[in-house]
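Trainee:
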Amino acid sequence: MIGIFDSGIGGLTVVRAIMDELPGYDIIYFGDTARTPYGTKSSKTVIEYSLQNTEFLIRQGAKMIVMACNTASSVATDALKQNFNLPIFEVITPAVQRSLKETKKSVIGVIGTRATISSGIYEKKIKEQSPDARVYSAACPLLVPLVEEGWLTKPETRMIVKKYLHPLKTRQIDTLILGCTHYPLLKQIIQHKIGQRVRIISSSTAVAEQIRGFLSSSSEIDQQLSKTGLSEFFVSDITPQFEKTAKSVIRQPIHLNHVGL
Ligand code: DGL
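For the sequence shown, position 218 (counting from the first letter as 1) is numbered 217 according to numbering that gives the first Met the number 0, and the numbering increases by one without interruption.
Dropping the structure here:
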């Protein structure tokens, strides 16, 4: 099984992308809805939660882990790789690679949670591969609660997105990385506010494509992954709002199991 985790709804955009890229692969998802959001917490806490989430997924039979959360990917990747001996995927590197392929002027914008943006990880990884690139980042702390609340098309959400994107728009970015897995749910509004000429890169689809590429060249690992079309969803807190949003993201009926870590 492919084990995937996030603080809540956002990781489901990664689940959906993996289902599209790798149909039939068994998936187990954990959304840490009791402890969301991660983006406002300290690195120490996010690392601790990420280790617990991974342990849970491995106990359930995961043979590969996808950190479907930019915040966890920014601060907890090394800790996970040191503690667990199985393939671990983070969402930042694939989004960086994709943005460098797409940008024409090497002027890249990044939006994410406070924790992701203040880690500076996107800028660091972009500059490692393209030292002359200009990177402009903006933390958008209100977007995760708006998505969790299901306010995907409200005028208030549009107004907030516009305000957050304004500084990036004035820098004339040509590519914008959605550095939070919640943000693909606001893609239409974001595209509208940043302008149709800006290429939007989603870390959710970028990681799914990277995993497909990896599995096609790593047959030993691919063979360890069961492929019966099963998908299981666990969350640390269930609310009717989460259930409703989850179904619309996955675009199929899903059953949520409650688990306390
Ligand atoms: N969806 C996550 C991310 O990509 C976490 C958001 C949060 O919990 O603050 O950063």
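Glycine residues also receive a C-beta, built at the ideal position from the N, C-alpha and C atoms. Just so it is clear, the structure is predicted and the values come from calculations on it, not from any experiment.
Confirm the yes/no value for this check: CB of S6, any heavy atom of ligand 1, distance under 7 Å.
Mentor: One-based indexing of the sequence shown puts residue 6 at position 7. Under cutoff, so the answer is yes.
Trainee: So, at 7 Å on beta carbons, what are the nonlocal neighbours of T180 in its own chain, with the 5 sequence-adjacent residues on each side left out?
Mentor: Within the sequence shown, numbered from 1, the residue matching residue 180 stands at position 181. So the qualifying residues of the chain are D5, G9, G10, T12, V13, A67, C68, N69, V90, S202, S203.
Trainee: Residue range of the beta strand (DSSP E) that A205 falls in?
Mentor: Counted from its first residue, the sequence shown places residue 205 at position 206. Element bounds for A205: not the beta strand (DSSP E) but the alpha helix (DSSP H), 202-216.
Trainee: As an exercise, report each continuous alpha helix (DSSP H) stretch of at least 4 residues that is fully enclosed by the segment 24-93, in chain order.
Mentor: The qualifying runs are 42-58, 69-82.
Trainee: Pull the bridge partners of D5 from the DSSP assignment, please.
Mentor: Within the sequence shown, the letter at position 6 stands for residue 5. According to DSSP, D5 bridges with G30.
Trainee: Within the present structure, is the beta-carbon of P183 separated from the nearest heavy atom of ligand 1 by less than 7 Å?
Mentor: In the sequence shown, counting from the first residue as 1, residue 183 sits at position 184. Because no heavy atom of ligand 1 lies under 7 Å away, the Cβ of P183 does not count as near it: no.
Trainee: Mapping the DSSP letters down to three states, classify S225 as helix, strand or coil.
Mentor: For the purposes of this step, residue 225 is taken as residue 226 along the sequence shown, with counting starting at 1. The answer is coil: DSSP assigns S225 none of H, G, I, E or B.
Trainee: Per DSSP, what kind of secondary structure is V13 in: helix, strand or coil?
Mentor: To locate residue 13, count along the sequence shown from 1; it is residue 14. Reduced to three states, the DSSP call for V13 is helix.
Trainee: Could you tell me whether any non-hydrogen atom of ligand 1 is closer than 7 Å to the CB of P130?
Mentor: Within the sequence shown, residue 130 is the residue found at index 131, counting from 1. No.
Trainee: For the alpha helix (DSSP H) containing A114, list its first residue and its last residue.
Mentor: As a working mapping, residue 114 is identified with position 115 in the sequence shown. First-last of the alpha helix (DSSP H) with A114: 113-118.
Trainee: Where does V134 land, buried or exposed, given buried means 16+ other C-beta within 10 angstroms?
Mentor: Within the sequence shown, numbered from 1, the residue matching residue 134 stands at position 135. V134 comes out buried.
Trainee: Which same chain residues end up closer than 6 Å to I116 when comparing Cβ atoms and leaving out the 5 residues on each side of it in sequence?
Mentor: On the sequence shown, position 117 is the one that residue 116 refers to. So the list reads S136, A138, once near-sequence residues are dropped.
Trainee: Which residues bound the alpha helix (DSSP H) around V146?
Mentor: The residue you call residue 146 lines up with position 147 of the sequence shown. Start and end: 142-147.
Trainee: State the beta-bridge partners of Y135 as determined by DSSP.
Mentor: Counting from 1 along the sequence shown, the entry for residue 135 is found at position 136. G108, per the DSSP bridge assignment.
Trainee: Can you tell me whether L260 is helix, strand or coil according to DSSP?
Mentor: Position 261 of the sequence shown holds residue 260. If DSSP states are grouped into helix, strand and coil, L260 belongs with coil.
Trainee: When DSSP labels each residue in this structure, what does I253 get in the three-state scheme?
Mentor: Working through the sequence shown from its first residue, we reach residue 253 at position 254. Coil at I253, not helix or strand.
Trainee: Which residues does DSSP pair with S230 in a beta bridge?
Mentor: Taking the first residue of the sequence shown as 1, we reach residue 230 at position 231. Per DSSP, I26.
Trainee: Taking 7 Å as the cut-off, does the CB of V14 come closer than this to any heavy atom belonging to ligand 1?
Mentor: In the sequence shown, counting from the first residue as 1, residue 14 sits at position 15. The answer is no for V14.
Trainee: Might you give, ordered along the chain, the residues of its own chain that have their beta carbon closer than 6 Å to the beta carbon of V65, omitting 5 neighbours on each side?
Mentor: The residue labelled residue 65 in the question sits at position 66 within the sequence shown. So the list reads I3, F88, once near-sequence residues are dropped.
Trainee: Just to confirm, does G9 get its C-beta within under 7 Å of one of the non-hydrogen atoms of ligand 1?
Mentor: To locate residue 9, count along the sequence shown from 1; it is residue 10. At least one heavy atom of ligand 1 is nearer than 7 Å to the Cβ of G9, so yes.
Trainee: Grab me the residues of Q190's own chain with a C-beta within less than 7 Å of its C-beta, minus the 5 sequence neighbours each way, in chain order.
Mentor: Locating residue 190 in the sequence shown gives position 191, where the first residue counts as 1. Excluding sequence neighbours, Q190 sits near I199.
Trainee: State the DSSP-derived secondary structure class of L21, mapped to helix, strand or coil.
Mentor: Locating residue 21 in the sequence shown gives position 22, counting from the first residue. L21: coil per DSSP, three-state reduction.
Trainee: Going by DSSP, which residues form a beta bridge with V198?
Mentor: Here the question's residue 198 lines up with position 199 in the sequence shown. The residue you asked about is not Val; residue 198 is Arg in the sequence shown. T174, per the DSSP bridge assignment.
Trainee: What are the start and end residues of the alpha helix (DSSP H) that includes P154?
Mentor: Here residue 154 is taken as the residue at index 155 of the sequence shown, counted from 1. Looking at the DSSP string, the run of the alpha helix (DSSP H) that includes P154 is 154-169.
Trainee: Measuring only from the beta carbon, is Y121 closer than 7 Å to any heavy atom that is part of ligand 1?
Mentor: In the sequence shown, the residue the question calls residue 121 occupies position 122. Because no heavy atom of ligand 1 lies under 7 Å away, the Cβ of Y121 does not count as near it: no.
Trainee: Could you tell me whether the segment 142-152 touches the segment 202-222, using the rule of 3 or more Cβ pairs below 8 Å?
Mentor: No, they do not touch.
Trainee: Among residues of its own chain, excluding the 5 on either side of Y28, which ones have a beta-carbon nearer than 6 Å to its beta-carbon?
Mentor: Mapped onto the sequence shown, residue 28 falls at position 29. Excluding sequence neighbours, Y28 sits near I3, V14, F232.
Trainee: Excluding sequence positions up to five away, which residues of its chain have a Cβ less than 6 Å from the Cβ of G111?
Mentor: Numbered from 1 along the sequence shown, position 112 holds the residue referred to as residue 111. Once the five neighbours on either side are set aside, the close Cβ partners of G111 are N69, G178, C179.
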